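Student:
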Ligand SMILES: [Fe+2]
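Residue numbers (the working numbering): 1189 to 1622.
1. So, is residue 1571 buried or exposed, given that buried needs 16 or more other C-beta atoms within 10 angstroms?
2. On the three-state DSSP scale, how would you describe residue 1484?
3. Suppose the cutoff is 7 angstroms on Cβ atoms and the five residues either side in sequence are ignored; what does the same chain contact list for residue 1328 look like?
4. Pairing CB atoms from the segment 1270 to 1288 with CB atoms from the segment 1190 to 1209, are three or more of them under 8 angstroms?
5. Could you pull the start and end residues of the alpha helix (DSSP H) that residue 1217 belongs to?
6. Any idea if residue 1199 is buried or exposed, counting beta-carbon neighbours within 10 angstroms, 16 or more meaning buried?
7. Measure from the alpha carbon of residue 1615 to the alpha carbon of each residue in 1506, 1491, 1576, 1562, then state which is nearest.
8. Can you have a look at residue 1372 and say buried or exposed, based on whether 16 or more other CB atoms are within 10 angstroms of its CB?
9. So the alpha helix (DSSP H) residue 1340 belongs to, where does it begin and stop?
10. What are the residues that DSSP puts in a beta bridge with residue 1618?
11. Is any beta-carbon of chain D found at less than 8 angstroms from that of residue 1333?
12. Just checking, does the segment 1469 to 1481 make contact with the segment 1511 to 1529 on the three C-beta pairs under 8 angstroms criterion?
13. Report yes if the CB atom of residue 1403 is closer than 8 angstroms to the CB atom of residue 1266, and no otherwise.
14. Please list the segments of the beta strand (DSSP E) lying wholly inside the segment 1351 to 1438, counting only runs of 3 or more residues, in order along the chain.
15. Once you ignore the five residues that flank residue 1227 on each side, which residues in its own chain have a CB closer than 8 angstroms to its CB?
16. Suppose you measure from the CA of residue 1532 to the CA of residue 1213; what does that come to, to the nearest Å?
17. What do you reckon, are the CB atoms on residue 1557 and residue 1613 nearer than 8 angstroms?
18. For residue 1610, count neighbouring Cβ atoms within 10 angstroms of its own Cβ and tell me buried if that reaches 16, exposed if not.
19. Going by C-alpha to C-alpha distance, which of 1564, 1332, 1455 sits closest to residue 1593?
20. Which residues does DSSP pair with residue 1558 in a beta bridge?
21. Between which two residues does the beta strand (DSSP E) harbouring residue 1466 extend?
22. Taking all protein chains shown into account, do 16 or more other C-beta atoms lie within 10 angstroms of the C-beta of residue 1295, making it buried, or fewer, making it exposed?
23. Measure the alpha-carbon distance for residue 1576 versus residue 1355 and round it to whole angstroms.
24. Residue 1449 and residue 1479 - do their beta-carbons sit closer together than 8 angstroms?
25. Taking buried to mean at least 16 other C-beta atoms within 10 Å of its own C-beta, is residue 1393 buried or exposed?
26. Is there at least one non-hydrogen atom of ligand 1 closer than 7 angstroms to the beta-carbon of residue 1335?
27. Within the same chain, show all residues whose beta-carbon is closer than 7 angstroms to that of residue 1334, passing over the 5 residues directly before and after it, in chain order.
28. Can you say whether residue 1555 is buried or exposed, counting buried as having 16 or more other CB atoms within 10 angstroms of its CB?
29. What are the partner residues of residue 1297, as DSSP defines its beta bridges?
30. Could you tell me if residue 1342 is buried or exposed, where buried requires 16 or more neighbouring beta carbons within 10 angstroms of its beta carbon?
31. Let's see if you can read the secondary structure: which residues bound the alpha helix (DSSP H) around residue 1247?
32. DSSP three-state call for residue 1509: helix, strand or coil?
33. Do residue 1520 and residue 1468 have their C-beta atoms within less than 8 angstroms of each other?
34. Suppose contacts are defined by Cβ-Cβ distances below 8 angstroms. Is residue 1423 in contact with residue 1484 by that definition?
35. Among the candidates 1301, 1434, 1269, 1381, whose CA atom is the shortest distance from the CA of residue 1500?
36. Give me, in chain order, the residues of the same chain whose beta-carbon lies closer than 6 angstroms to that of residue 1464; leave out the 5 immediate sequence neighbours on both sides.
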């Protein structure tokens, strides 16, 4: 919910919103510019067919911008039910009478035209929390980027080659040179959650002060190389490292490595967007479940950080480096390449404590359940956050290489089941003071 904000330059904000809307739509259309067969097929029971995501983002935009804020008569009320994420599970979606690819593109473009009319007329200084500061546009832009990241996860699961945008990433640097592996964060009070960020979600609010005892946190995310040592030392065969549920999962599924990894003799390979390649030792590990992250941390003599510890290590600003939007030498976000950047690639993105790669590369599992902050109020609807609170989902922080800069910040909270690993998830370790 927005604190009362007076927008300094309404025209500039409207231009920024229009540019963000255009950019996210270009991204969605690029990911769905594939054969119809690939769009309507279900690649995994965990995921919707891509054509569902495509029409769903338009339907969400219609519900919130056109109907709720614009007061516009529904364009296609009969399809609302199909695209309501709470009515049909992902595995049930392929059997629904969904809009076909062309119809879906026509529908979302029709919605978008009217959205731009609403943007043109809206008063962004209106105290109504959906209008103030353009919150409703932030809601739909972030929502569409989140579905774009989901579509990338679907494409990765499909193992179809193609759609690997390979930009250049900065090189890593040796983690042994100049920087200790762990950073000490002294005990004290810090402010957790979002105060001034106008597009922050309800679950990031309210900002609140809390005391944390001193702790150590890894300077970098855990690398594939380090993770391979856990695998080689028999980590998956030793129940000592696992919680009871984690061990049950390993045994039941026969899990022996991160998702998409296979072994050929002594060499680990991974399949990335349909292409096999040796696992690069110097990249953050990704496609691990919370159970795996938690077991590795115990094996390594530590534990996962709580989300409060993770957020404090960022240093209390919108991003670890400050409040300015990310640059290419600060973070790997927005699908610059289709992979995490090597460990140590972003010294310019370090937090004031010297912790690196907190934002981008891989979502980082934390030890925390997804729970409301003290004083939480649901906004704009209970199904965004509130229905997920409880001891079912673990919090992930920091965004991945597939996350757009508009859809992440140091206060941003993502959540998922502890078994999930089709997401671009990794982790770093922490430990309490001796
Ligand atoms: Fe959604």
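We put the beta carbon where it would ideally sit given N, CA and C, even for glycine.
Source: prediction; values computed, not measured.
Tutor: Based on what the coordinates show:
1. When all chains shown are included, residue 1571 counts as exposed.
2. Of the three classes helix, strand and coil, the one that applies to residue 1484 here is helix, per DSSP.
3. 1248, 1249, 1252, 1253
4. no
5. 1198 to 1219
6. exposed
7. 1491
8. exposed
9. 1323 to 1346
10. Answer by DSSP bridge pairing, in chain order: 1405, 1491.
11. As a matter of chain content, chain D is missing from the structure shown, which is built from one protein chain.
12. With a cut-off of 8 angstroms on Cβ pairs, the segment 1469 to 1481 is in contact with the segment 1511 to 1529, counting three or more such pairs.
13. No; because the gap between Cβ atoms is not below 8 angstroms, this pair is not in contact.
14. 1370 to 1373, 1376 to 1380, 1396 to 1400, 1403 to 1406
15. 1220, 1237, 1238, 1239, 1242, 1289
16. 32 angstroms
17. Against a cut-off of 8 angstroms, the Cβ pair of residue 1613 and residue 1557 comes out as no contact.
18. Classification of residue 1610: buried, given that the 10 Å Cβ count is 16 or more.
19. 1332
20. Answer is 1578, bridged to residue 1558.
21. 1463 to 1466
22. Answer is buried; the Cβ neighbour count reaches 16.
23. 36 angstroms
24. no
25. buried
26. Taking 7 angstroms as the cut-off, the C-beta of residue 1335 counts as close to a heavy atom of ligand 1.
27. 1595
28. buried
29. For residue 1297, which the question treats as bridged, DSSP gives no partner whatsoever.
30. buried
31. Its alpha helix (DSSP H) spans residues 1238 to 1249.
32. In this structure, residue 1509 counts as coil in the three-state DSSP scheme.
33. no
34. yes
35. Comparing Cα-Cα distances from residue 1500 to each of 1301, 1434, 1269, 1381, the minimum goes to 1381.
36. 1457
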